[in-house]
Structures are given as structure tokens and as C-alpha cells.
Amino acid sequence: MGQKPPDALVRRPQELAMIIALFLAALPTGLAPVTPLALAPSVRFQDEAGEDASTDKGDEAKPKRATEWPEVSKDMAKDLKTELARLRKANTEEMAIGGRVALIEMGALAGPELLKALGKEKSEEARERIVEVLDEITTWEHTRLLAKEFGSRSADVRLLTLRRAAAFPDKGIVKEALAAYAAAEERVDTKNEVKHELYYAALAVVSAGDLTGLGVLSKRAENLWGKSGAEIRSAIEAVRGEEATTLLIKQLETGERIEKVAALRLLAGCGSPEAGKAAAKSYLDNSDNSLRVAAINAMRGIVDGDLPIDKLSVFEAVGLANEWKTR
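Residue numbers (our numbering): 11 to 337.
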């Protein structure tokens, strides 16, 4: 099925920003970079509730989601084919960088061909390069388009689209996300199971505002928080409220130590102002420093919306805990 571990999916070249900056600096004066919307002004969008909002003039700040990829002109199609071939078949690093920069400059119009290539590519290195470009050109605008690929026959495409869509919470993809979660759940413990797919499907479901899969995210938060904490936190903001808080408080009451730590970690992103805060506050005096740190970070998230602090010594944690007890 051409699957690869999520490390490859999330790897992004550190030199990319510098390369793009140098490339843009080399452009002739007055030549502005072309944006996806400039290439396709007729692209249709949906609003947050899923309604057609392409002609909505009432709220310019309201997020709009694309319902179609930008059209590709004949001339651009030739360039797209050439640069995609350079990216996939790169014999040198310079060739790969050139193809990557050119495709990123093309923007979202390259999306469909990149997804198609990702599903067919046999080389793991080439798939990594394709994923790197897709990570750069897909944003919150494209969640509805990515959701159309949740049921792809290619595991690589499913993992990429689920992960990217989950990064930009969108209630409008809940139907597709739930279907993807159900399919991934059916594949668990079978020869068709794809590593980490259930997790990414759960991430997409929760980011769409549904609590199905919250348990999967909690399990991930137990042992892989350092690796996955940021994307989990982003996704669970979509379910912040009493229902999610109630489920996690129950886990705090009945779970083992590591499950309690995970519950507190999730409360930071979805805990309610009153019940969530009270539950987290009760662990600030805990003698277990992992629980105390998780409680501090839960308070930071619930009260101020702040991200967690990665590492705290026992001394630092005690000091911060005392500060939070007064808030």
C-alpha cells in the first residue's frame, strides 16, 4: 500500500524558508509572486457551516473554504508536469530544490497533481518530497478539498490529507472524517491496518467538532505527547466545552496515573472555564511531578489559552503551582 511512518509525513526541510527567500529575492524588480487565488479568481468557497459563501459580502473576515481546486491553464499545465517530474525523479539535491520551489510558487493549483503523484509514487524519498510541498501549499482554505481524499485507496494520501485537514479545525468535514475514522477502525488488527491511521482519523474527527476518537487522542497523549502534543492541542480546541470536560474528569477519577496525565494534557485544549479549571486545580498539589506539570499546563490552557511548557523541574513546578492556586 506504499505506507510510510508519520515521521516522513511531518518532516519539513529546514532550509526551505531560506531557499524561497533567495528565490524571491532573485526575481526581477516589480514581479510579485503569484498567489493561488490570483491564478483562479473564480474558485468557489464555503463558509464555516458548509454553506456556499462565494458571494457573501456581509462578513469579509469570516473564513471561507475552497470547494474547488484552482484551474490550471494549458501553459501552466506543462510547467506543472515538468516541475513535478523534477521533484519526483531528482538525481541531485539542486534538482529536488528547484522542483520544490517552483511547485510551491504555483500554490494550490498544484494540489491535485501532487496528491495523484503521492498515491502512485514508489520511492519513499520522492514521497517525502511530495509531502513537503503539499504541507507548504495546503492551508485552512483547502480542508474541504483534502476531505474528499480521506477515502483514497492510497494510505499515503489518506494519512497526509487527514493530518493536514486536522491542522485547520473545520466543522464542515465532520461527515468525511467520521467515515475515515470508521474505515480505519475496521482495519485495526487486520492485514489492511495502516500504522497511525486511526490516530490521524481521530485527529480529523475531533478537529471537526466531534468527540468520537477523543479516547484515541488520549491514548496518544500518554506516551507520544512530545511528538504529537502540538497537533492534538490544535485539534481539541474544536471540542472545548462541558461535554469533553465531563469525559476527561471521569478519566481523572477512574484512570491509572498515565491516563490521568493524559486527561490533564487534553483538558488544556478542551476544558471548560469552570469545571475544567476546578479539575485541573485539584492536581496542583499532587506529589507526582508529572501530574503537577500537566495540571499547570491545563490551567495555562484553560485560563489563558497558552501552550504547554515542555519541561519543568520539581522546584519550578512547585513555584508555578503555588501561583496558579491563587487564580
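For every residue, glycine included, the Cβ atom is placed at its ideal position computed from N, Cα and C.
Within 10 angstroms of the beta-carbon of residue 148 lie 16 or more other beta-carbons, which makes it buried. Contact annotation, residue 217 with residue 176: C-beta distance approximately 4 angstroms; criterion of less than 8 angstroms satisfied. Rounded to the nearest whole angstrom, the CA to CA distance from residue 263 to residue 242 is 22 angstroms. Straight through space, the alpha carbons of residue 108 and residue 268 are spaced by roughly 46 angstroms. With distances taken between CA atoms, residue 244 lies nearest to 315 out of 233, 229, 315 and 293. Unbroken alpha helix (DSSP H) runs of no fewer than 4 residues, entirely contained in the segment 210-254, are found at 224-233 and 235-246, following chain order.
Closest option to residue 140, judged by alpha-carbon separation, among 276, 121, 182 and 197: 121. Of all C-beta pairs linking the segment 250-263 to the segment 285-295, three or more are shorter than 8 angstroms, placing the two stretches in contact.
Segment contact: the segment 201-216 against the segment 166-174, three or more CB-CB distances shorter than 8 angstroms; contact assigned. Assigned with DSSP and collapsed to three states, residue 85 falls in helix.
Apart from sequence neighbours up to five positions away, the residues of its chain that approach residue 322 with a beta-carbon distance below 6 angstroms are 303, ordered along the chain. Unbroken alpha helix (DSSP H) runs of no fewer than 4 residues, entirely contained in the segment 259-291, are found at 267-280 and 285-291, following chain order.
A straight-line Cα-Cα distance of about 31 angstroms links residue 193 and residue 94.
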